[in-house]
Amino acid sequence: MKNREKAEILFRGLSDIDDGFLAEAEAYSAPRRRRFLLPAGIAAALLLCFSAALMLRFLSPLLLPKKENTEPQGLEQTLLSHREQTASLYTEQVEFGGDMLVWQFGDEEGYYVLPLDDPEPFLRLTGGGSPVSPEQSLSSELKIWLCTREGLVVSPQLLPSAGNTACRTLFDYRSELEPSPDFVNRLLHRLSRL
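Here my numbering is used: the first residue of the sequence shown is 14, the next is one more, and so on.
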């Protein structure tokens with residue numbers, strides 16, 4: 014009967030729960046959650062994001078380098094700004110026979126000669142610029158010619174016409190056009206390869 018005694022002890026142990034334990038369990042209530050924590054956390058996160066945005070707005074000019082002016086310059090300003098870089102192109106006399114871009118500033122006797130691998134892209138962009146006023150035409154100190162190995166000589170500062178071309182000679186003229194930004198950008202790209 015040993016098993017029976019053990020079973021009875023087990024039965025009493027499971028069913029003889031002290032009344033004090035029952036009263037204590039009945040009186041117990043879980044602690045209340047603090048409901049203000051979620052809205053306070055959201056508000057703190059929003060405040061942090063807003064502060065970071067303000068700091069970036071006011072500190073970015075100090076921390077980031079300034080962007081350079083990417084607007085294309087006019088042809089004359091472009092060539093003047095590259096005068097030192099193109100000094101090796103300066104010559105007293107132009108020898109025809111190859112594709113080249115030739116320019117001259119009014120205060121100089123000689124010419125700058127830039128050899129071209131392919132004059133076609135430059136030729137396509139001549140005559141497409143904006144007209145210049147007579148005052149601008151008189152004040153322009155720059156003359157520029159595009160010469161091909163076949164002997165054709167044209168200027169991007171002139172309107173396209175038969176009278177605005179020559180054969181193996183640099184001609185004097187008053188500019189009628191400011192060469193297109195595409196022409197100037199192509200020239201800048203070619204000058205960057207020097």
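Note that beta-carbon positions come from the ideal geometry of N, C-alpha and C, so glycine has one too.
I'd like to know whether the C-beta atoms of residue i and residue j end up nearer to each other than 9 Å.
i    : j    : result
S143 : S188 : no
R162 : G110 : yes
L171 : Y186 : yes
P89  : L183 : The residue you asked about is not Pro; residue 89 is Glu in the sequence shown. Not closer than 9 Å, so no.
L102 : L127 : yes
I157 : P147 : no
Could you check which residue in the options has the C-alpha nearest to that of residue i?
i    : options                   : result
P192 : P173, T104, T178 and F184 : P173
D120 : L207, P134, R96 and V107  : R96
E105 : Q117, D112 and F184       : Q117
Whole angstroms are fine: how far does the CA of residue j sit from the CA of residue i?
i    : j    : result
G140 : V115 : 17 Å
R137 : P74  : 41 Å
R48  : L23  : 45 Å
E133 : E108 : 20 Å
L190 : Q98  : 25 Å
A36  : L59  : 47 Å
G33  : R17  : 29 Å
L50  : L27  : 42 Å
A66  : A100 : 49 Å
F63  : A56  : 11 Å
M68  : G54  : 21 Å
Count the other CB atoms, across all protein chains shown, that sit within 10 Å of the CB of residue i; report buried if there are 16 or more and exposed otherwise.
i    : result
E122 : exposed
L61  : exposed
F135 : buried
D131 : exposed
Y125 : buried
M113 : buried
Note down, in chain order, each residue of its chain lying with its Cβ closer than 7 Å to the Cβ of residue i, except the 5 sequence neighbours on either side.
i   : result
T91 : V197, L200 and L201
Y41 : none
Apart from the five residues on each side of it in sequence, which residues of its chain come closer than 6 Å, Cβ to Cβ, to residue i?
i    : result
P85  : Confidence in P85 is poor, its pLDDT being 48 and thus under 50, which makes the residue's placement unreliable; the coordinate value appears in the next sentence. Cβ within range, chain order: P194, V197 and N198.
V167 : T139, L159 and T178
V145 : S188 and E191
Looking only at its chain, what residues have a beta carbon closer than 8 Å to the beta carbon of residue i, apart from the 5 residues adjacent to it on each side?
i   : result
A43 : none
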